[in-house]
Structures are given as structure tokens and as C-alpha cells.
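Enquirer: Here the protein sequences line up with chains E and B, keeping their order. Heads up, the first sequence is in this note's numbering, so the first residue is 1127 and it goes up one at a time. Heads up, the second sequence is in this note's numbering, so the first residue is 468 and it goes up one at a time. We put the beta carbon where it would ideally sit given N, CA and C, even for glycine.
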Amino acid sequence: DAKTTQPPSMDCAEGRAANLPCNHSTISGNEYVYWYRQIHSQGPQYIIHGLKNNETNEMASLIITEDRKSSTLILPHATLRDTAVYYCIVRTVIQGAQKLVFGQGTRLTINP
Amino acid sequence: EPEVTQTPSHQVTQMGQEVILRCVPISNHLYFYWYRQILGQKVEFLVSFYNNEISEKSEIFDDQFSVERPDGSNFTLKIRSTKLEDSAMYFCASLAENYNEQFFGPGTRLTVL
């Protein structure tokens, strides 16, 4: 699976959009971009994933560049409860072998 | 909303003792996982389980570790002889067939003294 690079920490004001970048310059054609988050000591929580098109769900939007070498997770109206470590994970979806490989992630702090 | 549950939430044990961590995955899920997170470090994959057998395991998952699905609902992780370095949060996760989202439990904090 391709390696990802994320900033170690970011701050965002409550109510503003939080934009979390991820670089994955060695991504290959069959690899997806996944985002998970971990709120203090809890189990990781799935947010969103995509292959090449932009995706949106009730939690967030995922913008993937045309060359797929980077992506941005957008939390449109961040709340204090969005304070967490956010993980960008690039992986091939192989049935029966879908382990997740976590990096250090980005520690996002939402400030009141 | 269905969720993965884990018991106990906190387990304290003496070095050399056996521990069993229990997980109840979401009922219609077919893939099961254990991960661990040592305090201040990243989440690490331990083992995946499908169709009543291990499908993949990491280097961490040595002979001291074993997993079992003893009945239709529980998924357990056993550590035969705990070491100090086994102290960590242990997370269970499950996945439905043909889906991409792994659901994680709240974790069991294991403290080895």
C-alpha cells in the first residue's frame, strides 16, 4: 500500500471548515483513499473513502486531485466534537485481506 | 445503530498471566480484526479472521497470541503469557462482506504489571 504524508497537527475555529491535507504521491491505480478518525482513546471511526471522484457524505467531503497524488478531507462546519486524530490511509481493496495500516495522522484541534 | 462491543473495558494482570479479551462483532459481519495501540503510538494491525481461520497476521502476532470465534457471536484474543510490553489498548473491528467500512469497538485497556 502507498505511503501517505499528513501534517502532524492543525487547528481550526469552531464553525469554520476544517481542511485536512494528505499526500500520497506513490498511489497506484487500484488504490483507494480512506479517512478514519480517532477521538481520544476511542476506537477509530470510518469517515469516507474514494477512488478518483470527489465524495461527500453526512460527515465530510473528500476531494481527490486529478492526478490522485493528494487529497483533502473537508469537515464543512467543525464542532468541538470533531477534535480528534485524523488518518489518511491508502490501500488496495482485496477481499479477505482488508487490514488498515495507520500512520501518525493529523491531530486536529477545534477551538471555541 | 449496531455496534461492536468489547469486554472488559480495562484489564489489569500480572506479567506471565494469561488474558482473554472479548469482542462481540456486529451480527451480520464476516471479517474480524484485532488491532492494538500502545500509549502515545499509532494503531497497529494484529490479525484478521475470516471463515473460521486467520487470514492475515502481523509480526506482533506471535505464538503467545491466539484468536478464536467460539460461538456465533464472540471473537476473542488470548495472550498466553503476558509481558510488560503487551500493555496497550486492544481494539476489535468487524466488516461486512462487500463493504469497505471497518467498525471498531471501544477497546480494552490492558495493563500488565
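In chain order, what residues of the same chain lie with their CB nearer than 6 Å to the CB of E/Ser1151, ignoring the 5 residues before and after it?
Expert: Closer than 6 Å at Cβ, skipping near neighbours: Lys1195.
Enquirer: If I measure Cβ to Cβ from B/Ser533 and keep anything under 6 Å in the same chain, skipping five residues before and after, which residues do I get?
Expert: Counting only Cβ-Cβ distances below 6 Å, and skipping sequence neighbours, we find Lys545.
Enquirer: B/Glu545 lies in the beta strand (DSSP E); which residues open and close that run?
Expert: The question names Glu, but residue 545 of chain B is Lys in the sequence shown. Element bounds for B/Lys545: 542-546.
Enquirer: Pair every Cβ in the segment 1130-1144 of chain E with every Cβ in the segment 522-537 of chain B, then say whether three or more of these pairs are closer than 8 Å.
Expert: Contact between the segment 1130-1144 of chain E and the segment 522-537 of chain B is absent, because fewer than three Cβ pairs lie under 8 Å.
Enquirer: Looking only at DSSP bridge pairs, what is B/Asn518 linked to?
Expert: Its beta-bridge partners do not exist; DSSP assigns none.
Enquirer: In angstroms with no decimal places, state the Cα-to-Cα distance between B/Leu488 and E/Glu1192.
Expert: Computed Cα separation, rounded: 44 Å.
Enquirer: With 8 Å set as the bound, which would you pick, yes or no: does the beta-carbon of B/Pro492 sit closer than that to a beta-carbon of chain E?
Expert: Chain E contact via Cβ: absent.
Enquirer: Please classify B/Arg581: does DSSP put it in a helix, a strand, or coil?
Expert: Given a span of 468 to 580 for chain B in the structure shown, any question on residue 581 of chain B remains unanswerable.
Enquirer: Using beta carbons (cut-off 8 Å, strictly below), is E/Gly1169 in contact with chain B?
Expert: Yes - at least one Cβ of chain B is within 8 Å of the one on E/Gly1169.
Enquirer: Hey, is B/Phe573's beta-carbon within less than 8 Å of any beta-carbon in chain E?
Expert: In the sequence as presented, Phe is not what sits at residue 573 of chain B; that position holds Pro. Output row for B/Pro573: interface = yes.
Enquirer: Starting from the beta carbon of E/Val1159, find every residue of chain B whose beta carbon is closer than 7 Å, and list them in chain order.
Expert: By Cβ distance, chain B contributes nothing, its closest Cβ being about 11 Å from E/Val1159, past 7 Å.
Enquirer: Return the residue from the list B/Gln504, B/Gly483, B/Phe542, B/Arg576 that minimises the CA-CA distance to B/Pro492.
Expert: Among B/Gln504, B/Gly483, B/Phe542, B/Arg576, the Cα nearest to that of B/Pro492 belongs to B/Phe542.
Enquirer: What are the partner residues of B/Val479, as DSSP defines its beta bridges?
Expert: The partner list for B/Val479 (beta bridge, DSSP) reads B/Thr578.
Enquirer: Against E/Gln1132, what residues of chain B qualify as contacts under a CB-to-CB distance less than 8 Å, listed in chain order?
Expert: Within 8 Å Cβ-Cβ: nothing; E/Gln1132 doesn't reach chain B, min ~12 Å.
Enquirer: On a CA-only basis, which of B/Gly483, B/Tyr500, B/Gln473, B/Leu562 is nearest B/Phe528? Give me that one, please.
Expert: Taking only the C-alpha atoms, the option nearest B/Phe528 is B/Tyr500.
Enquirer: Hey, could you find the ends of the beta strand (DSSP E) E/Ile1153 is sitting in?
Expert: It is not in any beta strand (DSSP E) - E/Ile1153 carries neither H nor E in the DSSP assignment.
Enquirer: By the DSSP assignment, the beta strand (DSSP E) with B/Thr474 in it spans what residues?
Expert: B/Thr474 -> beta strand (DSSP E) spans 472-474.
Enquirer: State yes or no: is the beta carbon of B/Glu526 nearer than 8 Å to at least one beta carbon in chain E?
Expert: No, its Cβ sits nowhere closer than 8 Å to a Cβ of chain E.
Enquirer: Among the residues of its own chain, which have a CB less than 6 Å from the CB of B/Gln569, if the five just before and after it don't count?
Expert: Counting only Cβ-Cβ distances below 6 Å, and skipping sequence neighbours, we find Ala560, Leu562.
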